[in-house]
């Protein structure tokens, strides 16, 4: 057992990304039951909805699971109150300072993992006392780092600078990529896009079909002036590009984005006007599968790739 298996008491060092509009209790419990660590994505939930998902997840699995909490969430205190009250033992935080909640949560017996996109913030997270970090490369879907550092470069650099367990994220879709990340210094992986294209994901079937149809170059990181986000190139994405061409200000971009774009795209299936957030790894996905099958495939591919590494060159 490696450090991630030991830390979370899970069979495989595979963490499912806590993606907004994708990661409800069905997906989280299915991944945990399959031997990984499922995460409920609280960023798209009102506090009472999160409480409902936590309760249902506890009934659906007796294995460890956690909650992903973007620290910029407006009702953050209510989310954390529910997490503590309902006995969640693992919290992944992102989009904010790890100092704010780490000590509070750990005093309640909760393990804290923070998501970063650079060595600088990995070190700040370690200094804040987190139990582990996720280093997420530029290839990842959804909100991303401004540095545009790829996973291949980011993971060994972060591994060189920190002592606590490290999870690799960003573009990891297959077992061979999982092996590569661990050879680079990661103790395990966090995977979002591959789990978004599962039967248990709470996103709309039309969105899942778009993931399967995605090719190289289908996505692009944009809206850096607001919060960098990787999107599938659809009509809404094109409106963003047109706005840039016309010299749009930050206020113009905010007005264009409006509210509820991610829900419209991923949850309601509006492929024209919605935000379709997904990673570059979508090009490697050709089928919607069960979460159990995804985990099984990852382990099979990992072991197969491991056997192909020659003993010497």
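In my numbering, the protein residues as written are 180 to 492. Ideal Cβ placement from N, Cα and C applies to all residues, glycine included. Given the structure is predicted, the values throughout are model-derived calculations rather than measurements.
DSSP three-state assignment for residue i, whether helix, strand or coil
{"i": "residue 281", "result": "helix"}
{"i": "residue 473", "result": "helix"}
{"i": "residue 480", "result": "helix"}
{"i": "residue 134", "result": "Residue 134 lies beyond the stretch modelled for the chain, which goes from 180 to 492, so this question has no answer here."}
{"i": "residue 486", "result": "helix"}
{"i": "residue 321", "result": "strand"}
{"i": "residue 194", "result": "strand"}
{"i": "residue 465", "result": "coil"}
{"i": "residue 274", "result": "coil"}
{"i": "residue 331", "result": "helix"}
{"i": "residue 302", "result": "helix"}
{"i": "residue 455", "result": "coil"}
{"i": "residue 346", "result": "strand"}
Between the CA atoms of residue j and residue i - distance to the nearest angstrom
{"i": "residue 227", "j": "residue 265", "result": "12 angstroms"}
{"i": "residue 355", "j": "residue 477", "result": "8 angstroms"}
{"i": "residue 480", "j": "residue 431", "result": "46 angstroms"}
{"i": "residue 454", "j": "residue 269", "result": "29 angstroms"}
{"i": "residue 321", "j": "residue 486", "result": "34 angstroms"}
{"i": "residue 289", "j": "residue 484", "result": "35 angstroms"}
{"i": "residue 442", "j": "residue 189", "result": "31 angstroms"}
{"i": "residue 452", "j": "residue 181", "result": "44 angstroms"}
{"i": "residue 341", "j": "residue 421", "result": "42 angstroms"}
{"i": "residue 277", "j": "residue 302", "result": "11 angstroms"}
{"i": "residue 211", "j": "residue 296", "result": "25 angstroms"}
{"i": "residue 300", "j": "residue 260", "result": "26 angstroms"}
{"i": "residue 253", "j": "residue 488", "result": "48 angstroms"}
{"i": "residue 444", "j": "residue 263", "result": "31 angstroms"}
{"i": "residue 403", "j": "residue 440", "result": "16 angstroms"}
{"i": "residue 461", "j": "residue 255", "result": "31 angstroms"}
{"i": "residue 482", "j": "residue 362", "result": "13 angstroms"}
{"i": "residue 447", "j": "residue 339", "result": "42 angstroms"}
Residue j beta carbon less than 8 angstroms from that of residue i
{"i": "residue 391", "j": "residue 456", "result": "no"}
{"i": "residue 274", "j": "residue 244", "result": "no"}
{"i": "residue 412", "j": "residue 428", "result": "no"}
{"i": "residue 229", "j": "residue 187", "result": "no"}
{"i": "residue 458", "j": "residue 372", "result": "yes"}
{"i": "residue 199", "j": "residue 234", "result": "no"}
{"i": "residue 330", "j": "residue 360", "result": "yes"}
{"i": "residue 343", "j": "residue 305", "result": "yes"}
{"i": "residue 495", "j": "residue 364", "result": "With the chain running from 180 to 492 in the structure shown, residue 495 is simply not present."}
{"i": "residue 214", "j": "residue 473", "result": "no"}
{"i": "residue 310", "j": "residue 291", "result": "yes"}
{"i": "residue 436", "j": "residue 389", "result": "no"}
Proximal residues to residue i (C-beta, below 7 angstroms), its chain only, five neighbours per side dropped
{"i": "residue 282", "result": "308"}
{"i": "residue 433", "result": "405"}
{"i": "residue 279", "result": "250"}
{"i": "residue 220", "result": "197, 198, 199, 201, 202, 247"}
{"i": "residue 205", "result": "379, 381"}
{"i": "residue 463", "result": "352, 353"}
{"i": "residue 258", "result": "221, 226, 229, 248, 252"}
Own chain partners of residue i with C-beta closer than 6 angstroms, once the 5 adjacent residues on each side are dropped
{"i": "residue 369", "result": "194, 196, 313, 346, 348"}
{"i": "residue 209", "result": "379, 470"}
{"i": "residue 272", "result": "248, 250, 293"}
{"i": "residue 416", "result": "410"}
{"i": "residue 387", "result": "376, 467"}
Sequence-distant residues of its chain with Cβ nearer than 8 angstroms to residue i (five each side left out)
{"i": "residue 184", "result": "190, 191, 192, 367"}
Distance cut-off 7 angstroms: residue i Cβ against heavy atoms of the ligand FMN
{"i": "residue 223", "result": "The model depicted lacks the ligand FMN and carries no ligand whatsoever."}
For the stretch 357 to 432, list the beta strand (DSSP E) runs that are entirely contained and at least 3 residues long, ordered along the chain.
You should have 367 to 370, 398 to 401, 408 to 411.
Counting only runs of 4+ residues fully inside the stretch 199 to 269, write out the alpha helix (DSSP H) ranges in chain order.
Runs of alpha helix (DSSP H) with 4 or more residues, each lying fully within the stretch 199 to 269, are found at 204 to 212, 226 to 239, 255 to 264, listed in chain order.
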